[in-house]
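Notes follow once the structure below has been shown.
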Amino acid sequence: DSGVTQTPKHLITATGQRVTLRCSPRSGDLSVYWYQQSLDQGLQFLIQYYNGEERAKGNILERFSAQQFPDLHSELNLSSLELGDSALYFCASSVPGAGETQYFGPGTRLLVL
Amino acid sequence: AQSVTQPDIHITVSEGASLELRCNYSYGATPYLFWYVQSPGQGLQLLLKYFSGDTLVQGIKGFEAEFKRSQSSFNLRKPSVHWSDAAEYFCAVGPPGSFQKLVFGTGTRLLVSP
């Protein structure tokens, strides 16, 4: 158990819908990262937040957005869902510093039908 | 562009045999290097990481990796594989310093035969 929690574990929805994935980082970790794991794209970095502020963006679609709240939990919002958005979405957290280790949550498996 | 290549999609090893998983990277400077393991239905667990110094890095579960700058490689090794090592292994690179925006390889699935 990494100490990072993600809810829900599974999510099934229809095309065009909007969903919210939630991540609670390890106690004391200020950074939250979101990754998408799909069969065709592999593991890809989406976005990073540090202490409530966006820090880095990766291959995140405009239909996707994220935020980090004052209690440091983070939410990833996916809208206008398409079949290709079906994937495993991971959250990771860390304490920033040279050589920081990212601790990954168990992921949310999203299936868009 | 930054990239990580894991040339072996699947590897089958007999229990008790040695293991080497290959990883090559392309990066502007010497990056920070990581190996993660993902068991079925689980998140990723860090096995080991390299930042600087000794090029042979020891990790958890008896794994080690060697950084070879001249070959841009960071291969993962284990002298004797256990059935519980069956999983998917990912090599990743990140920029030196903080805020590790990781770039992952495509993964190598390890199968362990009795």
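Residue numbers (my numbering), protein chains in the order written: chain X, 3 to 115; chain H, 194 to 307.
We put the beta carbon where it would ideally sit given N, CA and C, even for glycine.
Treat the numbers as computed from the prediction; the structure is a model and nothing was measured.
Neighbour list for residue i in chain H, Cβ cutoff strictly below 8 Å
i, result
"X/F66", "Chain H residues near X/F66: none, gap ~16 Å exceeds 8 Å."
"X/S4", "G236 and Q238"
"X/F92", "G236 and L237"
Under 9 Å between C-beta atoms of residue i and residue j
i, j, result
"H/G236", "X/F106", "yes"
"X/Q46", "X/G109", "no"
"H/V286", "H/Q195", "yes"
"X/F66", "X/L85", "no"
Residue of the options minimising C-alpha distance to residue i
i, options, result
"H/L226", "H/F297, H/R302 and H/W276", "H/F297"
"X/L48", "X/L13, X/L115, X/S4 and X/L90", "X/L90"
"H/C284", "H/S245, H/Q293, H/H275 and H/T299", "H/T299"
"X/P98", "H/P288, H/G287, H/V286 and H/Q293", "H/Q293"
"X/R20", "X/T110, X/S82 and X/S95", "X/S82"
"H/G209", "H/S196, H/P224 and H/W276", "H/W276"
"H/F244", "X/E102, X/D3, X/R111 and X/S26", "X/E102"
"X/V6", "X/T17, X/T22 and X/Y35", "X/Y35"
"H/W228", "H/L240, H/S265, H/E213 and H/S266", "H/L240"
"H/G290", "H/I204, H/A222, H/R302 and H/P272", "H/A222"
Supposed contact pair residue j and residue i - C-beta distance, whole angstroms, cut 8 Å
i, j, result
"H/A279", "H/V250", "About 22 Å; that fails the 8 Å criterion."
"X/D87", "X/V114", "5 Å"
"H/E259", "H/T248", "6 Å"
Residue i at chain X interface by Cβ criterion, 9 Å
i, result
"H/V250", "no"
"H/F297", "yes"
"H/S283", "As written in the sequence, residue 283 of chain H is Phe, which differs from the Ser given in the question. Taking Cβ atoms only, chain X reaches closer than 9 Å to H/F283, which makes this a yes."
"H/Y220", "no"
Below-9 Å beta-carbon distance, residue i vs any chain H residue
i, result
"X/A89", "no"
"X/T103", "yes"
"X/S96", "yes"
Contacts that residue i makes with chain X (C-beta to C-beta distance below 7 Å)
i, result
"H/Q235", "P108"
"H/K271", "Correct list: empty, because the minimum Cβ distance to chain X is about 20 Å."
Residue i Cβ short of 8 Å to the ligand HEM heavy atom set
i, result
"H/P288", "Among the components modelled here there is no ligand, and therefore nothing to report on the ligand HEM."
Neighbour list for residue i in chain H, Cβ cutoff strictly below 9 Å
i, result
"X/G30", "None at all; the shortest Cβ gap to chain H is about 16 Å."
Chain X contact residues for residue i, given Cβ-Cβ distances below 8 Å
i, result
"H/G300", "G44 and L45"
Within chain X, the residues that residue i reaches when beta carbons sit closer than 9 Å
i, result
"H/F260", "Ordered by position in chain X, no residue passes the 9 Å Cβ test against H/F260, which lies about 14 Å from the chain."
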